[in-house]
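Asks: Numbering (the working numbering), first residue to last: 25 to 141.
For every residue, glycine included, the Cβ atom is placed at its ideal position computed from N, Cα and C.
Keep in mind it's a predicted model, so treat the numbers as computed, not measured.
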Amino acid sequence: MNIEAFRDYCISKAGTTEELPFDDDTLVFKVCGKMFALCSLSEFGKRIALKCEPQRAAELRDQYSQIKPAFHMSKVHWNDVLPESGLLDSLIIQLIEDSYALVVAKLPKAKRQELEV
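#1: Can you tell me whether DSSP reads Val100 as helix, strand or coil?
#2: Could you check whether Glu42 and Val55 sit closer than 8 Å to each other, using their CB atoms as the reference points?
#3: When you compare the CB positions of Lys75 and Leu126, do they come within less than 8 Å of one another, or not?
#4: Can you have a look at Ser98 and say buried or exposed, based on whether 16 or more other CB atoms are within 10 angstroms of its CB?
#5: Expressed to the nearest angstrom, what Euclidean distance is found between the alpha-carbon atoms of Gln79 and His101?
#6: Can you list the beta strand (DSSP E) stretches of 3 or more residues lying completely in the region 89 to 141, in chain order?
#7: Would DSSP call Ser37 helix, strand or coil?
#8: Taking just the CA atoms, how far does Ser66 sit from Lys58?
#9: Since Met25 contacts Asp113 with CB under 8 Å, what's their CB separation in whole angstroms?
#10: What does DSSP give as the partner residue(s) for Lys54 in the beta ladder?
#11: Throw me the rounded Cβ distance for the Ala73 and Ala81 pair, which I believe falls under 8 Å.
Have a look at this one:
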């Protein structure tokens with residue numbers, strides 16, 4: 025997966041915004057103001073960070089050498105995925121879906137209902 029495909033997929037999710045809140049290089053995708061994905065613009069191939077259910081995060085790290093605990097994020101809830109390391113795009117898309125769904129599930133009911141419209 026390249027950065028254009030990653031960005032296009034993330035931004036297509038309902039209620040998603042993109043911003044550079046930390047610096048001019050770290051692109052962050054949020055749903056209703058809550059982060060679900062981030063990456064470096066200059067070093068996209070090195071990692072994208074995605075939220076993950078803790079047990080599943082550990083399982084993925086065991087199963088794939090291209091998935092590691094996230095750098096500068098909670099190692100329990102975030103994984104770094106190496107997007108240009110041979111992982112199937114379908115797996116990366118599923119991990120983006122899972123991350124987005126985890127964040128949406130924690131939103132207030134009214135916000136979740138707005139996203140369904």
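Replies: For this structure:
#1: The count along the sequence shown starts at 1 and reaches residue 100 at position 76. The answer is coil: DSSP assigns Val100 none of H, G, I, E or B.
#2: Working through the sequence shown from its first residue, we reach residue 55 at position 31. Working through the sequence shown from its first residue, we reach residue 42 at position 18. It is not a contact, given that the beta carbons lie outside the stated cut-off.
#3: By one-based count along the sequence shown, residue 75 stands at place 51. By one-based count along the sequence shown, residue 126 stands at place 102. Yes, the Cβ-Cβ distance between Lys75 and Leu126 is below 8 Å.
#4: Taking the first residue of the sequence shown as 1, we reach residue 98 at position 74. Per the 10 Å Cβ criterion, exposed.
#5: Mapped onto the sequence shown, residue 79 falls at position 55. Mapped onto the sequence shown, residue 101 falls at position 77. Answer to the nearest angstrom: the Cα atoms are 9 Å apart.
#6: 91 to 93 and 102 to 105
#7: Here the question's residue 37 lines up with position 13 in the sequence shown. Position check: residue 37 holds Lys in this sequence, whereas Ser was assumed. Residue state, collapsed to three classes: coil.
#8: As a first step, residue 58 must be located in the sequence shown, where it is residue number 34. As a first step, residue 66 must be located in the sequence shown, where it is residue number 42. Distance between the alpha carbons of Lys58 and Ser66: 23 Å.
#9: Your numbering for residue 25 matches position 1 in the sequence shown. Your numbering for residue 113 matches position 89 in the sequence shown. Their Cβ separation, rounded to whole angstroms, is 5 Å, which keeps Met25 and Asp113 in contact under 8 Å.
#10: As a first step, residue 54 is located in the sequence shown; it is residue number 30 there, counting from the start. Beta-bridge pairing links Lys54 to Thr41 and Met59.
#11: Along the sequence shown, one-based indexing puts residue 73 at 49. Along the sequence shown, one-based indexing puts residue 81 at 57. Their Cβ separation, rounded to whole angstroms, is 11 Å, which puts Ala73 and Ala81 out of contact at 8 Å.
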